[in-house]
Structures are given as structure tokens and as C-alpha cells.
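Protein chains in written order, with this note's numbering: chain A, 109 to 548; chain B, 109 to 548.
Note that beta-carbon positions come from the ideal geometry of N, C-alpha and C, so glycine has one too.
Here is the structure we will look at, set down as C-alpha cells.
Written out as C-alpha cells, the structure is:
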């Protein structure tokens with residue numbers, strides 16, 4: 109039996125235990141399975157099996173261990189939808205939004221944390237008040253408890269974990285962290301950009317990022333024998349917490365990489381405040397006084413929207429001119445000066461597809477560190493359906509039925525159409541529309 | 109009888125007509141009163157009087173003419189709250205959220221346009237596809253139907269309307285618009301920054317903004333005899349549509365003012381694409397290729413939040429160290445790289461006031477052109493109440509009861525505490541909390 113088969117067998121046992129309400133077997137399975145949201149070939153998770161058969165104790169156990177109740181199976185059902193259909197009332201209660209912890213009334217008083225997309229949710233406390241404390245920063249950077257991550261031309265330096273079957277398991281790559289002493293090749297006669305990222309939840313471990321672009325690639329292994337420079341897209345194979353830390357670092361390093369001169373006077377600038385400021389070296393420059401933004405890192409607000417047809421039954425997706433074949437996604441674009449989020453949604457959808465949008469609802473957001481976007485995800489309600497494409501922006505745009513969207517989301521579309529994977533907010537807002545319009 | 113008394117008399121008659129259901133009298137009053145949301149000394153509007161007495165026909169007439177149903181009186185009631193209290197069911201129906209125009213189900217299918225704050229809602233169609241069409245732009249700028257607005261060191265050039273009593277009436281200042289021919293003093297031997305703002309709803313009138321900072325102040329009257337340079341805060345006395353246009357222009361001109369050199373190589377940059385791009389003049393510069401943001405205008409996402417206490421009964425407001433005495437507002441701060449909107453809210457509230465925040469709800473947003481913020485307004489639900497102030501940021505922070513917040517909003521606080529005026533999103537999100545927790 110090879111590793112792959114062993115894994116499949118564990119998954120099967122895990123699902124059987126959930127379906128049968130066998131909490132002992134479940135407890136053992138949980139110990140060996142790193143991903144409790146693992147699906148069978150019809151897209152069912154353990155949570156769905158437990159919900160189907162009304163095992164409230166198992167549902168509670170799985171929820172307590174962080175199982176994702178938003179996962180949908182191949183026919184577009186969530187665990188909640190399944191429990192509702194089979195009248196498993198206790199399970200429905202558990203899966204519905206947790207009740208407000210406060211005793212007061214009104215729609216504003218919920219305290220649920222809300223949606224946290226991939227690339228959000230960093231465990232680090234940024235401790236912004238330490239950024240001006242050079243002594244503290246220097247001691248933290250050179251201390252023994254530090255974790256320093258490295259980037260080479262904005263690609264993270266990772267360690268490839270040896271001998272690990274990756275299918276359905278944990279990520280294959282991990283961010284590599286080092287101590288200051290390991291980085292002599294980086295700091296030798298150099299002053300690379302160093303960013304203070306924050307302190308871990310224990311309060312004991314400061315995290316930093318360092319730009320190692322000046323170290324020749326072949327010398328990277330001098331830092332650590334497993335070290336490799338991966339393309340920046342390796343960030344999507346990281347665990348959620350690592351990806352969020354990596355994203356924060358990459359956006360800041362990209363800013364330092366591209367903003368080395370004062371845009372107001374053209375003089376050199378220097379890095380300050382733990383990497384959160386750049387200061388002009390010309391003492392007479394206007395950028396040293398007044399209200400402006402030239403000294404601070406950029407974050408570019410961007411709208412990305414699931415556009416719903418006026419009858420609520422279809423979703424508008426488009427293919428950018430640089431997209432791979434058969435790949436569709438949400439329309440998106442930068443918020444312009446003087447625009448609200450809602451106005452930017454309406455403008456972009458009309459510019460790109462000729463479709464008019466009325467009401468716009470905020471859904472959630474996602475920092476996108478390539479290089480510095482804040483993707484603001486919305487559900488946009490179209491008031492017209494005729495499509496006129498701007499061919500500079502889009503190659504194609506189409507209305508899709510709910511059924512077809514589910515086929516695309518679950519990689520079961522007859523023409524093999526695809527869409528962004530789960531780590532992208534586009535996937536999340538498309539799926540949210542599918543869930544909100546569920547019919548069994 | 110002076111102008112002020114005549115005006116007061118009209119307001120009184122207008123309110124009486126609404127209270128009595130006299131639509132004929134109301135129609136006459138409407139013709140002479142520029143502001144139909146005018147309040148009496150207890151903060152009541154005509155809409156409230158009509159709602160109190162159940163005159164559904166008057167309510168409909170006032171709503172059709174754009175009366176604002178979100179206005180609150182001195183005791184924190186809206187017209188809807190008043191109608192509910194007095195059981196005026198027909199009026200309640202009219203004042204409640206307009207029904208969805210679509211026939212389908214579910215929470216995502218509303219099509220109401222949502223909140224539009226001051227500085228949003230520009231009537232111009234940006235026509236981004238024209239930005240690369242130099243010939244079209246040049247003809248539009250020099251054509252006879254153009255409207256060109258001017259800025260002197262980022263302050264709008266306005267015309268002060270002579271002989272107008274301003275109390276409760278329209279704004280005193282208007283953006284000054286010119287034709288190209290009027291601006292010979294501006295364009296003579298100069299190439300000032302020119303921004304294409306868009307085309308008016310008729311499609312016939314292109315709007316541009318021009319930087320006239322190089323024209324000496326005393327020569328501004330050569331453009332137009334009523335022309336004056338007002339501080340940038342004059343934007344808040346403009347009508348909503350003018351303010352939005354002015355905001356778009358100011359943010360772009362502020363960007364051109366501060367970003368004249370390539371931040372990647374330090375070479376000069378030139379203005380391109382109708383003002384929406386700056387291009388490095390060094391043909392070898394990295395900024396001419398690859399994915400980056402150095403060539404495009406900045407918009408800085410900022411969070412601003414009404415922080416509600418765990419029991420839902422109090423609101424946290426703070427006084428920045430540079431605020432005028434007795435002035436309180438919402439906490440706010442820039443979104444950092446790698447952060448979601450919700451995370452930025454939690455970080456800022458904890459940093460500034462030591463209060464923990466759980467659930468964060470998006471409310472609405474507002475572009476803030478001083479110089480380039482996108483203020484993202486949220487309702488943040490605190491999970492703790494103890495306050496620890498960061499004295500670098502705040503001078504004071506306090507929990508206020510709903511009653512006290514109403515006193516502050518309506519300028520009736522016994523200690524004369526005040527808060528931002530209606531044009532600021534802070535005011536709108538504070539008022540939204542008051543409305544959402546209404547009790548009569």
C-alpha cells in the first residue's frame with residue numbers, strides 16, 4: 109500500500125465515522141488527517157455526512173476543530189443546506205450563524221468576526237508603536253527568538269519539505285525563517301531593506317522580513333541547505349497564517365523596490381520606521397512637511413464583483429484578454445480618485461461589459477500583494493442584461509446559470525470552463541452567491 | 109420685513125402645509141424654498157410633520173421631490189420613527205425601504221442604490237476610453253461646450269455669488285467654470301496639468317480641471333471678475349454634484365503636484381492619458397514595464413468606525429490631539445499593506461483606545477480629497493470597554509450614551525460638545541447608529 113492509498117483509506121474512514129456518529133473513530137482520524145475539510149469524489153466533507161444523518165455531537169466536534177461550514181459539494185449544497193433538506197433541526201441550529209453574544213437588540217449588534225479570506229488573518233500583532241524605537245527594533249532583529257523571512261526579487265525564500273506526499277495534505281512549501289546570525293551573507297557589508305512585521309501572539313517572537321535580492325541565487329543555500337527561491341505564486345501554497353505574513357512583507361518590499369527616489373524632488377530616499385516610511389534626503393524638500401502621502405506605503409483599493417442578473421438567476425463572468433483559455437472570473441478594476449466603492453463597481457462593469465449595475469453590497473476583502481492591491485469584494489445587482497464588451501479589457505463576458513457556475517466551481521463543467529481557486533476572493537464571492545441562492 | 113424674516117415665514121408656512129395636508133399651499137412653498145429638508149427649532153422637517161399626521165399624499169410628494177427621510181430631529185427621531193410611534197401605517201409603508209424591483213427572492217437581490225455620501229455622486233461619466241485619444245481630448249478642451257474648473261495650489265477657484273442671504277439657503281460659493289478661450293493667462297507659454305474629468309449626463313459637455321498655480325493670485329480676476337481663490341475647505345459649501353467633481357480633480361492635481369519625479373529612478377515624469385498616468389522620461393526605466401503602480405494616481409484606503417459597546421448602548425468617540433476643543437469624532441486610520449478592512453478597524457481601535465473589536469460591518473464610503481483618501485465607514489462592535497489611550501494619537505476617548513450622541517449631533521449638548529458636520533462620513537455613521545437603535 110503506498111502513501112497515497114493509505115491517505116485515501118483514512119479519508120474514507122473519517123467520512124464513515126462522521127456519517128455513523130462514531131466519535132471515537134473520528135477522534136483517531138482527526139489526529140492523522142491534517143485537512144478536516146477533505147472531500148470525497150462527490151465533494152462531500154465529514155461535516156456534510158454528519159449533518160445528513162443528524163449527528164449533532166459530531167457536527168459540534170468538527171465545528172470546534174475549525175471545519176469550514178461554507179464548503180459546497182458537487183451539487184452546490186453546504187452542510188447547512190443538507191441538514192435543512194433532511195430536517196436535522198439540531199444540526200441546523202448548530203450550523204446557522206452563531207447567536208449574538210450580547211443581549212441587546214437590532215441588526216448592528218452581532219459580534220461574529222465575519223469573512224476572513226486567504227491572505228488576511230495574520231497572527232502577528234503589528235505593534236506600530238515600536239516602529240520609531242530604533243534600539244528596540246535592532247535588539248529584536250538580532251535577538252535569539254526572532255523569525256526573519258527573506259525575499260529575493262520579491263519572491264519568498266522557502267524550504268521545500270522533503271519526502272512528503274502532498275495530495276490533499278499540507279502545503280509542500282513553507283516560508284523559510286532564519287535568525288540574524290544565519291544571514292551573514294545577507295548583511296555582510298550591506299544595508300538591505302528590513303521590515304518589522306510584528307510580534308507573534310505569545311508576545312515573545314518578533315518577525316521581520318529582509319530583502320536578499322543582492323545575494324546571488326547560488327549563495328542562497330548558504331543561508332540554509334533546504335532554502336529555495338520560489339516564484340511569488342508559491343505564497344498560495346502556504347498555510348493561511350504564513351501567507352498573510354508573506355503578503356504583508358511582499359507589499360512593503362515591493363514598495364521599497366519601486367519607490368527609492370522622492371517623487372516630489374527626485375532626491376534619494378531612505379528607509380525609516382521599521383520599513384513603514386521613506387524619507388527624502390534633501391532637507392529642503394516639501395515632502396518633509398505638510399499633508400501628503402509620498403512617504404508612506406501604497407495600498408491600491410480595487411473592486412471585484414459578482415454581478416447578479418436582474419432576475420437573480422444568473423451571474424456575469426468575464427475572460428480578461430490575458431487569461432488562460434476556458435478561464436472565467438469576476439470583473440474587477442481599480443477605484444479611481446473621487447469614486448466610492450459602489451461607483452467604481454458600476455463604472456467598471458459598464459466599461460468592461462456594457463451592463464448597468466444598481467445596488468452594490470460589500471461582501472469581504474482581500475489584500476493582494478502583487479504588488480499592493482486591497483481587493484474589495486462586492487455583490488453587484490445588474491439592472492440590464494445586454495452585454496457590450498470592451499475588447500481592450502475583456503475577450504469575452506457571459507451570463508451563467510447557477511447550475512453552470514456550480515459546475516465551474518467544482519471543476520465539473522462539460523466544456524471544462526474554470527474559475528479562480530479557493531484562495532482568490534473571486535472564488536469566494538462567486539461561491540457566496542451560489543450559497544445565498546441555494547435550492548435543493 | 110428683511111430677507112431673513114421672509115424666509116422664516118416661508119419655512120413656517122411650509123411646515124404648516126405639511127402638517128395640515130394642504131398640498132396646494134405645499135406646492136407653492138416648494139417653489140420658493142430651495143431646501144425642502146429645512147428644520148424648525150426642534151429639528152422637525154416637513155416630512156416629519158406630514159408623517160406625524162398621516163398625510164400619505166404629502167409624504168409621497170415630498171419623497172418624490174427628494175426629501176431626505178434619514179434626517180433626525182432633536183430627540184433622535186426620523187420621519188419613519190415618528191410615523192411608527194403614531195401608528196400611521198400608510199406613511200410607514202411609504203417610508204420603509206422601497207421594495208425590490210425584481211421578483212426574485214433572497215437577501216442579495218435588492219437593487220436600491222445604497223448610501224451616497226457627500227463627495228460621492230458625481231454626475232460625470234468618466235469616459236476612460238477617451239483618455240488615450242489625444243485628438244479627442246484636445247478638441248473637447250478647446251471646444252465651445254467645455255466646462256473647465258481651475259485650482260490654485262490645490263484650492264478651487266470659485267465665484268462668490270453676490271447679494272445672497274445664505275442662512276439655510278444654497279451654498280454661497282460655486283465652482284467657477286471657464287472656456288479654454290477665457291484661460292489665455294493660464295495657457296500662455298505654459299503647459300499646466302490638465303485633467304479630463306468626464307462628460308456630463310447629456311453627453312455633450314466635457315469637463316476638465318486645470319492647475320493655475322503658476323498664475324499670480326492678483327491675475328486670477330483676469331479669468332473672470334467674480335473669480336476668487338478659496339481655501340480647499342470651500343468644497344464643503346458646494347452642492348453635492350459640484351463637490352464630487354471638485355474632489356476628483358483635487359486628488360488628481362495633488363498627485364501631479366507631489367509626484368513629478370519617477371520614484372523608481374528619479375528622472376522627470378510627464379503627464380499622460382488625460383491626467384490619469386505619469387510616465388518616466390528615462391527610456392530604460394523599469395517603470396516602463398512590468399506590474400507596478402508607480403505610474404498611476406494614488407488612492408489611500410482608510411477605515412473610520414463607529415465603535416459600539418458590547419451592550420449596544422454606547423458609542424466610542426475620540427478627540428485627536430489636533431482637534432479643536434470640545435470636538436469628538438470617530439476613530440480612523442490608514443489600511444496597512446496586508447490588512448483587510450476589518451483587521452485595520454480592529455488594529456486602529458486597539459492601538460488608539462485599547463478597546464477590542466469583534467464583528468465589523470461595512471456601512472458606506474467617502475472619497476476624501478485631502479489629498480487622496482478613500483474613507484471606508486464601518487460599524488465596529490467592541491468586545492471590551494476599558495479605555496487605554498495612545499496619547500500620540502488621541503487626547504481623549506470616551507463612551508457616550510445614545511442620548512448624549514443625539515445631543516452632540518444636534519448641537520444641543522449641555523457642555524457644547526460637537527462632532528463632524530453632515531458632509532463628513534463620521535457624522536453619517538454616528539447618525540446611522542442612532543437610527544438603528546431608535547427607541548421612542
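Distance CB(residue i)-CB(residue j) smaller than 7 Å
i              : j              : result
residue 331(A) : residue 365(A) : no
residue 157(A) : residue 123(A) : yes
residue 448(A) : residue 228(B) : yes
residue 378(A) : residue 395(A) : no
residue 232(B) : residue 445(A) : no
residue 166(A) : residue 126(A) : yes
residue 479(A) : residue 349(A) : no
residue 288(B) : residue 266(B) : no
residue 145(B) : residue 175(B) : yes
residue 493(B) : residue 466(B) : no
residue 200(B) : residue 256(B) : no
residue 314(B) : residue 248(B) : yes
residue 537(B) : residue 485(B) : yes
residue 159(A) : residue 187(A) : yes
residue 525(A) : residue 426(A) : no
residue 477(A) : residue 358(A) : yes
residue 439(B) : residue 460(B) : yes
Pairwise C-alpha distance: residue j and residue i
i              : j              : result
residue 253(A) : residue 286(A) : 10 Å
residue 236(B) : residue 170(A) : 50 Å
residue 504(B) : residue 338(A) : 48 Å
residue 329(A) : residue 335(A) : 6 Å
residue 512(A) : residue 421(A) : 11 Å
residue 262(A) : residue 496(A) : 38 Å
residue 264(B) : residue 352(B) : 13 Å
residue 179(B) : residue 134(A) : 57 Å
residue 294(A) : residue 381(A) : 21 Å
residue 384(B) : residue 456(A) : 16 Å
residue 367(A) : residue 138(B) : 56 Å
residue 312(B) : residue 238(B) : 14 Å
residue 533(A) : residue 356(B) : 28 Å
residue 268(B) : residue 183(B) : 36 Å
residue 387(A) : residue 304(A) : 17 Å
residue 390(B) : residue 299(B) : 20 Å
residue 320(A) : residue 292(A) : 11 Å
residue 539(B) : residue 419(B) : 18 Å
residue 119(A) : residue 519(A) : 20 Å
residue 423(B) : residue 150(B) : 24 Å
residue 284(B) : residue 258(B) : 7 Å
With 16 other Cβ atoms within 10 Å as the buried cut-off, status of residue i
i              : result
residue 322(B) : exposed
residue 193(B) : exposed
residue 401(A) : buried
residue 499(B) : exposed
residue 398(B) : exposed
residue 260(B) : buried
residue 147(B) : buried
residue 172(B) : exposed
residue 408(B) : buried
residue 481(B) : buried
residue 434(A) : exposed
residue 117(A) : exposed
residue 523(B) : exposed
residue 272(A) : With a pLDDT of only 49 at residue 272(A), under 50, the local geometry of the prediction cannot be trusted, and the value read off the model is given with reservation. Per the 10 Å Cβ criterion, exposed.
8 Å contact criterion, which residue i and residue j should meet: CB distance rounded
i              : j              : result
residue 129(B) : residue 181(B) : At roughly 20 Å, the Cβ-Cβ gap does not stay under 8 Å, so residue 129(B) and residue 181(B) are not in contact.
residue 469(A) : residue 487(A) : 5 Å
residue 541(B) : residue 414(B) : 5 Å
residue 436(A) : residue 516(A) : 7 Å
residue 410(A) : residue 442(A) : 5 Å
residue 316(B) : residue 307(B) : Rounded, the Cβ-Cβ distance is 11 Å, inconsistent with contact.
TODO: Could you tell me which uninterrupted beta strand (DSSP E) segments, each at least 3 residues in length, are contained entirely in the stretch 289-355 of chain A, listed from first to last along the chain?
DONE: 302-307, 314-319, 335-337
TODO: Could you name each continuous alpha helix (DSSP H) segment of 4 residues or more that falls completely within the stretch 416-490 of chain A, going from the start of the chain to the end?
DONE: Whole alpha helix (DSSP H) segments, 4+ residues: 449-461.
Open item on the list: To test your reading of the DSSP string, which unbroken alpha helix (DSSP H) runs of 4 or more residues are found completely within the stretch 132-163 of chain A?
Closed with: 154-160
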